[in-house]
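Note that the numbering used here numbers the sequence shown so that position 112 is 92, with each residue one more than the last. Note that CB positions come from ideal geometry on N, CA and C, so glycine has one too. Take a look at the structure set out below.
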Amino acid sequence: MANKPATESIDPAATKMLLEARRAGLETAWDRLNKQQPQCGFGQLGICCRNCNMGPCRIDPFGEGPDRGVCGATADIIVARNLLRMIAAGAAAHADHARDAVIVFKEAARGKARSYQIKDEAKLKALAAEYSISSQEEQGDAADLANAMLSDFGRQEGSVTLTRRAPEKRRKIWEGLGIIPRGIDREIVECMHRTHMGVDNDPLHILLHGLRTSIADGWGASMIATEVQDILFGTPSPRRSEANLGVLKEDEVNIIVHGHEPILSEMIVEAASDPEMIQLAKSLGARGINVAGICCTGNEVLMRHGIPVAGNFLQQELAVITGAVDAMVVDVQCIMPSLGSLAACYHTKFISTSPKAEFPGALRMEFSEEGAAEIAKEIVRTAVENYRNRDRSRVIIPREKSECMVGFSVEAILNALGGTPQPLIDAIATGSIKGIAAVVGCNNPKVTHDYGHVNLVRELIRNNVLVVTTGCNAIACAKAGLLRPEAAKEAGDGLRGVCESLGVPPVLHMGSCVDISRILVVAAAIANRLGVDISDLPVAGAAPEWMSEKAVSIGAYVVASGVFTVLGTVPPVLGSPVVTRILTKDLGDAVGATFAVEPDPFKAAKLIMEHIESKRKALGLKV
Ligand code: BF8
Ligand code: SF4
-19 MANKPATESI
-9 DPAATKMLLE
1 ARRAGLETAW
11 DRLNKQQPQC
21 GFGQLGICCR
31 NCNMGPCRID
41 PFGEGPDRGV
51 CGATADIIVA
61 RNLLRMIAAG
71 AAAHADHARD
81 AVIVFKEAAR
91 GKARSYQIKD
101 EAKLKALAAE
111 YSISSQEEQG
121 DAADLANAML
131 SDFGRQEGSV
141 TLTRRAPEKR
151 RKIWEGLGII
161 PRGIDREIVE
171 CMHRTHMGVD
181 NDPLHILLHG
191 LRTSIADGWG
201 ASMIATEVQD
211 ILFGTPSPRR
221 SEANLGVLKE
231 DEVNIIVHGH
241 EPILSEMIVE
251 AASDPEMIQL
261 AKSLGARGIN
271 VAGICCTGNE
281 VLMRHGIPVA
291 GNFLQQELAV
301 ITGAVDAMVV
311 DVQCIMPSLG
321 SLAACYHTKF
331 ISTSPKAEFP
341 GALRMEFSEE
351 GAAEIAKEIV
361 RTAVENYRNR
371 DRSRVIIPRE
381 KSECMVGFSV
391 EAILNALGGT
401 PQPLIDAIAT
411 GSIKGIAAVV
421 GCNNPKVTHD
431 YGHVNLVREL
441 IRNNVLVVTT
451 GCNAIACAKA
461 GLLRPEAAKE
471 AGDGLRGVCE
481 SLGVPPVLHM
491 GSCVDISRIL
501 VVAAAIANRL
511 GVDISDLPVA
521 GAAPEWMSEK
531 AVSIGAYVVA
541 SGVFTVLGTV
551 PPVLGSPVVT
561 RILTKDLGDA
571 VGATFAVEPD
581 PFKAAKLIME
591 HIESKRKALG
601 LKV
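This is the structure in structure tokens:
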């Protein structure tokens, strides 16, 4: 193989499993990336178009060949349209996830989804008030709230309700640009319309709609998903757990939940603690049932129950290669279609559950909210019975795992601060904490696995920047030990002091990718308290190893919210100097924030520090 494992991951557990994959002749994402080399230059630059059947068309980046598609579209138009379609797909993924969560909530309120109960009554009440619902009875409140939230998806005019949470100054900026989202679905549909052949052909005009759609995601879909999941499953609070492949157990049934929706994983966690299932596992020679997560559904059950997390996006195949996974249970998003054929090389049952997502080689056990507990039990039973088929001679579980402290919802952060954000604001004002960085996003085999994540975060905390994290970055940080309160030792003196006095890590795990909405809420709370806009704050965002379309939508709404954001992998926009200029410069005038691209995490940290210092200066704070 061309690449040595050392250049593929900084995680020793991942490296070990990659070596095992090579030894066993099994292919992983890294090998498939190698086989894709050289990757298509037109695709990388974003200058190919398949939006109609006069094409496909491509623009010559060297200016020697065609400079327009058959319809006359230039590189600028094509790049902007392609980017808008990425935002639409990402926002759609979050929106559809949110919609399903609201539907389960509604069914639970009507007593139909019997397996689900309302766990956070206070949040239900607060949300009902935000949505101006005045019913006296709780069940009435819940059903009315669910309907009100559902109407945010199909709303045709007005604005998505939770955009009201944005600071006044931010809303004014959006209003001025005409980018307050009306309805979540409406904006996504309009992306597809505008990018159809012969509709919207001005790059800035196209990109502004991208921002509007992304706001409908961050301050709409993702925020609704977070809130409803908290109402149904409880708002996370600090707890301890463990991360990395070492959480798999040699002598227990191992069930991995992978994907995104806690609607499934919550039920699996519950079914796995059913005495009948544990008894069955014992009768088959296992010591118990061990549930572990991968990707964001892993983050959801980690945050709420302390269920250990086996790894982030690039570890899904590696988990199977341990030979110790009795079932890999998946729902939607970020699930590699390679898992079916890989699982077939082992005893692992690869179980697909979503009516929306079928995979080659998967055992289908379709999930529905009505009989959720029963279906979850059947899935767990299938996993337990499969324990017998585990080939012990092929089991290789890396020893590596790290302790972590997780569960930092907005409520939990406020709680740790004594009920108000003021101590955090004071720490920023005195300079103990220089600023806050949200470091989030995926893995991407184009980047050494976890290298971007861990190095950027380490560098930031060393410079007294408090890091808040979600998604696969959070899992990378957990594996690297950065989510332990003891990691404060790695922070600069100021941040270290604050963390030690509060007993919290210097990197706060705020949840899954939809939970980036929690970060928006924190930013808005701080801005409101200071009477400024989010773009005035010493805060920044980063996605060092991003790969998914969801990350594009996230990046767009973070920038649209006024937060400077550094991307570690290059988005397919460089084929258009105009689009590149808009994203890296002109947006600064429009929304007070821009994108930067910097693959080197140390240089990315420097960019973030410079940005934070400039914002501190503008606020009159000590630099
Ligand atoms: O929603 S960070 S690889 S798992 S897309 Fe996927 Fe990216 Fe991980 Fe979570 Ni988010
Ligand atoms: Fe080509 Fe224009 Fe059709 Fe795209 S929309 S494929 S650029 S003709």
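Check whether residue i and residue j have beta carbons under 8 Å apart
{"i": "V434", "j": "I(-10)", "result": "yes"}
{"i": "H489", "j": "A458", "result": "yes"}
{"i": "C29", "j": "P18", "result": "no"}
{"i": "V484", "j": "A570", "result": "no"}
{"i": "I243", "j": "D406", "result": "no"}
{"i": "L264", "j": "R368", "result": "yes"}
{"i": "G315", "j": "A290", "result": "In the sequence as displayed, the identity of residue 315 is Ile instead of Gly. No."}
{"i": "C493", "j": "G451", "result": "yes"}
{"i": "V305", "j": "N224", "result": "no"}
{"i": "D165", "j": "A75", "result": "yes"}
{"i": "V543", "j": "I562", "result": "no"}
{"i": "L191", "j": "I236", "result": "no"}
{"i": "G134", "j": "G163", "result": "yes"}
{"i": "V364", "j": "I331", "result": "no"}
{"i": "T150", "j": "S541", "result": "Thr is not the amino acid found at residue 150; the sequence shown has Arg there. Contact: yes."}
{"i": "P486", "j": "V447", "result": "yes"}
{"i": "V386", "j": "R498", "result": "no"}
{"i": "L184", "j": "T302", "result": "no"}
{"i": "G200", "j": "L142", "result": "yes"}
{"i": "A574", "j": "K583", "result": "Just to set this straight, residue 574 is Thr in the shown sequence, not Ala. Contact flag unset, no."}
{"i": "G226", "j": "E380", "result": "yes"}
{"i": "S556", "j": "S194", "result": "no"}
{"i": "N424", "j": "M345", "result": "no"}
{"i": "A196", "j": "P161", "result": "yes"}
{"i": "S382", "j": "E250", "result": "no"}
{"i": "Q97", "j": "A88", "result": "yes"}
{"i": "V360", "j": "I506", "result": "no"}
{"i": "L260", "j": "A9", "result": "no"}
{"i": "P552", "j": "N62", "result": "yes"}
Residue i Cβ short of 7 Å to ligand 1 heavy atom set
{"i": "P292", "result": "This sequence places Asn at residue 292; Pro is not what is there. N292: yes, Cβ under 7 Å from ligand 1."}
{"i": "C457", "result": "no"}
{"i": "Q313", "result": "yes"}
{"i": "G572", "result": "no"}
{"i": "G226", "result": "no"}
{"i": "C276", "result": "yes"}
{"i": "S481", "result": "no"}
{"i": "S528", "result": "yes"}
{"i": "N423", "result": "yes"}
{"i": "G491", "result": "no"}
{"i": "H189", "result": "no"}
{"i": "A531", "result": "yes"}
{"i": "G451", "result": "yes"}
{"i": "I240", "result": "Reading off the sequence, residue 240 comes out as His, not Ile. Because some heavy atom of ligand 1 lies under 7 Å away, the Cβ of H240 counts as near it: yes."}
Cβ-Cβ separation, residue j to residue i (assumed contact under 8 Å), whole Å
{"i": "T328", "j": "V300", "result": "5 Å"}
{"i": "I258", "j": "A356", "result": "So it is not a contact: roughly 14 Å between Cβ atoms."}
{"i": "V539", "j": "L587", "result": "About 14 Å; that fails the 8 Å criterion."}
{"i": "I441", "j": "E470", "result": "6 Å"}
{"i": "G214", "j": "K99", "result": "4 Å"}
{"i": "G548", "j": "P518", "result": "Contact doesn't hold; Cβ gap of about 21 Å is too wide."}
{"i": "V559", "j": "V179", "result": "Going by Cβ atoms, the distance from V559 to V179 rounds to 17 Å, so no, they are not a contact pair."}
{"i": "K92", "j": "I211", "result": "The Cβ separation is near 16 Å, so there is no contact."}
{"i": "L64", "j": "T175", "result": "5 Å"}
{"i": "L611", "j": "A522", "result": "The first residue shown for the chain is -19 and the last is 603, placing residue 611 beyond what the model contains."}
{"i": "N279", "j": "A454", "result": "6 Å"}
{"i": "S245", "j": "V208", "result": "That pair is no contact at about 15 Å."}
{"i": "P378", "j": "K105", "result": "Wrong, their Cβ atoms sit about 46 Å apart, outside the cutoff."}
{"i": "V445", "j": "G415", "result": "5 Å"}
{"i": "S334", "j": "V312", "result": "5 Å"}
{"i": "V603", "j": "E590", "result": "Not a contact, Cβ separation roughly 10 Å."}
Could you please go through the chain and list the residues whose beta-carbon is closer than 5 Å to any non-hydrogen atom of ligand 2?
Listed along the chain, these residues meet the criterion: C29, N31, C32, M34, G35, C37, G49, V50, C51, A53 and M177.
Taking 8 Å as the threshold, find out whether the segment 500 to 519 comes into contact with the segment 477 to 489 through three or more Cβ pairs.
Segments in contact, no.
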